[in-house]
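Enquirer: One structure, as structure tokens, below. Some questions next.
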Amino acid sequence: MDMLAAMSVFVRVAEAGSFSAAARQLRVGQPAVSKSVAALEERLGTRLVLRTTHQLSLTEDGLRFLEAARGALDAAAFAEETVSGVKTVPHGRLRLAASVAFGRLILVPRLNRFFARCPDVEFELVLADRFVNLVEEGVDVAIRIGELTDAGLIARRIGTMRRVTVARTDYWKKRGTPKKPADLKDHDCLVFTGLSTADTWEYSGPNGPLSVKVCGPLRVTTSDAMREAVLEGLGVGVTPRWFWPNGELGDGTLACALSDFEPTPRPIHAIFPERRLVSSKVRAMVDFLADDFKRVPALSEG
969 MDMLAAMSVF
979 VRVAEAGSFS
989 AAARQLRVGQ
999 PAVSKSVAAL
1009 EERLGTRLVL
1019 RTTHQLSLTE
1029 DGLRFLEAAR
1039 GALDAAAFAE
1049 ETVSGVKTVP
1059 HGRLRLAASV
1069 AFGRLILVPR
1079 LNRFFARCPD
1089 VEFELVLADR
1099 FVNLVEEGVD
1109 VAIRIGELTD
1119 AGLIARRIGT
1129 MRRVTVARTD
1139 YWKKRGTPKK
1149 PADLKDHDCL
1159 VFTGLSTADT
1169 WEYSGPNGPL
1179 SVKVCGPLRV
1189 TTSDAMREAV
1199 LEGLGVGVTP
1209 RWFWPNGELG
1219 DGTLACALSD
1229 FEPTPRPIHA
1239 IFPERRLVSS
1249 KVRAMVDFLA
1259 DDFKRVPALS
1269 EG
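Quick note on this note's numbering: the sequence shown kicks off at 969 and runs consecutively.
Have a look at this one:
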């Protein structure tokens, strides 16, 4: 049997969560997928997959083999690229993880331009406002915003998230506009719990960095919910500038406050799984984003 081909099918089954879904992705019949996994199990002398009527799960051996198989496939692809030279065309499926809002507002609008450059790459976006385990979930690269606390991560900085203190214009008219961060104690502040700082907002002011403890009527766990809460006039938010691609900051719907006190910018990193080789498709995507972000003030130091 072709061991690499069988491992590729097994990895696709594990990531897709079913034989039928893997068959659709591979554009083959389900019996062919089942036969490939069964032949792999026979060769290895162990059960990798537990099959039931309604779901599929991996055995302990299956989980161990999954990580090893991913590593072997990465190594094979890297070896092929090395021999083929730098002109290897990026190809294959790329699993990229990011927060919901970043994926929807930043990544998806750029995909057409990326596909024009790399037409043989197929994307799977894993969007969630949580830290995705790259190895366990088979993610090739993740976009994370903020300082990295895990020294073991393999990362490349590709941009900077610039932020603003913002609310609906009619909210400011009703409640008054703060002149300094300390004035936020008199306002309904919307707290995004997905950040480690959460209800402590950090600013860079004329006299250096400062922070203020805030509170309000609403705490949210997703970035999209924060965006909608600001649009609904529920209070004040510290949000990325890229939250507002439809011109809400210029058409009078929203207004920024504390222009002399910028919320501390946060780095944007591309994160790679440990012990995984970086393929040409991943390098192409990360290079594309890093180059593109340089041209966007909301996503760069400029």
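Glycine included, each C-beta is placed from N, C-alpha and C at the ideal position. Quantities reported herein were computed from a predicted structural model and do not represent experimental measurements.
For R1112, I'd like the list of residues in its chain whose CB is within less than 6 Å of its CB, leaving aside the five on either flank, ordered along the chain.
Expert: Excluding five sequence positions before and after R1112, the CB atoms of its chain that fall closer than 6 Å to its own CB belong to H1237 and I1239, given in chain order.
Enquirer: Taking the straight line between their C-alpha atoms, what separation do you get for T1168 and F1082?
Expert: 37 Å
Enquirer: With DSSP as the reference, label K1181 as helix, strand or coil.
Expert: Looking at K1181 - three-state DSSP - the assignment turns out to be strand.
Enquirer: Have a look at V1250 and G1071 and give me their C-alpha separation to the nearest angstrom.
Expert: For V1250 and G1071, the distance between alpha carbons rounds to 16 Å.
Enquirer: Which residues in the same chain have their Cβ closer than 6 Å to the Cβ of R1125, if we skip the five residues on either side of it in sequence?
Expert: P1235 and H1237
Enquirer: Tell me the start and end of each unbroken beta strand (DSSP E) in the region 1061-1105 that is at least 3 residues and wholly inside, in chain order.
Expert: 1089-1095
Enquirer: Can D1042 and S1248 be called in contact, C-beta distance under 8 Å?
Expert: No, the Cβ-Cβ distance between D1042 and S1248 is not below 8 Å.
Enquirer: Between the alpha carbons of A984 and L1226, how many angstroms are there, rounded?
Expert: 47 Å
Enquirer: Would you say the region 1061-1075 touches the region 1087-1099, given that touching needs at least three Cβ pairs under 8 Å?
Expert: yes
Enquirer: Thinking C-beta only, is F1160 closer than 8 Å to C1182?
Expert: One point to set straight first is that residue 1182 is Val, not Cys, in the sequence displayed. No, Cβ-Cβ distance for V1182 and F1160 is not below 8 Å.
Enquirer: Counting along the chain, where does the alpha helix (DSSP H) carrying S1247 start and finish?
Expert: It is not in any alpha helix (DSSP H) - S1247 carries neither H nor E in the DSSP assignment.
Enquirer: Strictly by DSSP, which residues pair up with F1240?
Expert: I1122
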